[in-house]
Amino acid sequence: MKVVAVIPARYKSSRFPGKPLVKISGVPMIIRVAERTSLAVGKENVVIGTENEEIKRVCEAYGYKALITSDSCLTGTDRVWEIAQQLEADVYVNVQGDEPIVDPADIHHVINEVPQSPGYVINGMKSLSADEDPANINIPKVLTNSKGELIYMSRLPIPGVKNIGVTTPVFKKQVCIYAFSFDALKAFGTQEKKGNAEFYEDIEILRFLELGIPVKMVEMKSPSIAVDIPEDVSRVELWLKKNQL
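See below:
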């Protein structure tokens with residue numbers, strides 16, 4: 225099974241411009257993600273997709289393949305679709321460029337689910353930690369059925385709690401590791417605009433649900449710290465220091 229891991233890296237982030245190049249303990253974040261990803265799939269199977277020449281130059285200086293994608297990509301997965309049209313594979317893995325402590329074992333876990341769940345898009349999830357607020361709109365929350373199939377994903381806390389005083393639900397968050405077939409990516413990437421729920425939530429995985437493509441959520445074992453805003457950088461650096469990485 226040929227696997228290509230694509231790391232979308234957009235310079236023009238609305239919340240954190242230039243985010244892929246921010247230094248985390250002296251190393252550009254996009255390189256930290258690429259290094260962790262290469263431990264899972266091999267450096268030769270990692271490619272960075274970006275609209276920015278400086279990001280491309282930095283990645284290539286570290287020995288990683290980087291391809292320029294259009295500046296009009298609606299989401300990171302649309303960027304992966306552009307790469308998929310240039311590189312043939314059985315499975316395309318999207319590892320978000322703002323997950324600098326992504327665990328290679330979790331990437332393997334997502335990939336290994338592909339043959340077990342044919343016809344599904346695969347995505348990771350994990351319980352929120354004690355210091356994470358379910359009301360934080362920067363954290364997409366996940367709701368699944370008993371089979372692990374995605375029911376919905378929202379920036380609001382789901383499931384909602386109607387009655388104060390009842391047991392607090394175990395909230396799950398999305399971990400941005402995805403696995404797609406070429407056909408699923410094609411269905412996603414050939415849309416000219418975002419889906420309705422995708423647009424309002426600003427969560428790209430919802431486009432698959434809106435297209436009738438099921439999503440299987442799998443539990444990740446390792447911690448996940450996404451860098452959404454500048455303040456998240458210090459959280460990652462603290463974790464790296466604590467774990468001597």
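For my numbering, count along the sequence shown from 1 and bump the result up by 224.
All C-beta atoms in this analysis are idealised placements derived from N, C-alpha and C, irrespective of residue type, glycine included.
Could you check if residue i is buried or exposed, using at least 16 other CB atoms within 10 Å of its CB as the buried criterion?
i	result
A359	exposed
E323	buried
L409	buried
T299	buried
V385	exposed
L435	exposed
Taking the alpha-carbon of residue i as reference, which of the options has the nearest alpha-carbon?
i	options	result
A264	L291, V230, F240, K236	V230
I453	S237, N467, I325, E425	S237
K247	K440, I292, E461	E461
G250	K466, L352, V457	V457
E428	N387, V304, V390	V304
Would you mind reading off the limits of the beta strand (DSSP E) that contains residue i?
i	result
S351	345-351
S378	374-378
V334	Segment 328-337 is the alpha helix (DSSP H) holding V334; no beta strand (DSSP E) there.
L311	Per DSSP, L311 belongs to no beta strand (DSSP E) and is neither H nor E.
K365	365-368
K386	Neither: K386 is in no beta strand (DSSP E) and is coded neither H nor E.
When you measure from the CB of residue i to every non-hydrogen atom of the ligand SAM, does any distance come out below 7 Å?
i	result
N467	As for the ligand SAM, it is missing from this structure, which has no ligand bound.
Round the Cβ separation of residue i and residue j to the nearest angstrom and send it over; I've been treating them as touching at under 8 Å.
i	j	result
Y316	A329	Contact doesn't hold; Cβ gap of about 19 Å is too wide.
At which residues does the alpha helix (DSSP H) containing residue i begin and terminate?
i	result
F412	406-413
Would you say residue i reaches chain B, if we count a Cβ-Cβ gap shorter than 8 Å as a contact?
i	result
K267	Although the question refers to chain B, the structure presented lacks it and comprises just one protein chain.
Length at least 4, wholly inside the stretch 416-444: the alpha helix (DSSP H) runs in chain order
420-425, 430-434
Any chance you could list the alpha helix (DSSP H) runs of at least 4 consecutive residues sitting entirely within the stretch 239-287, in chain order?
253-265, 277-285
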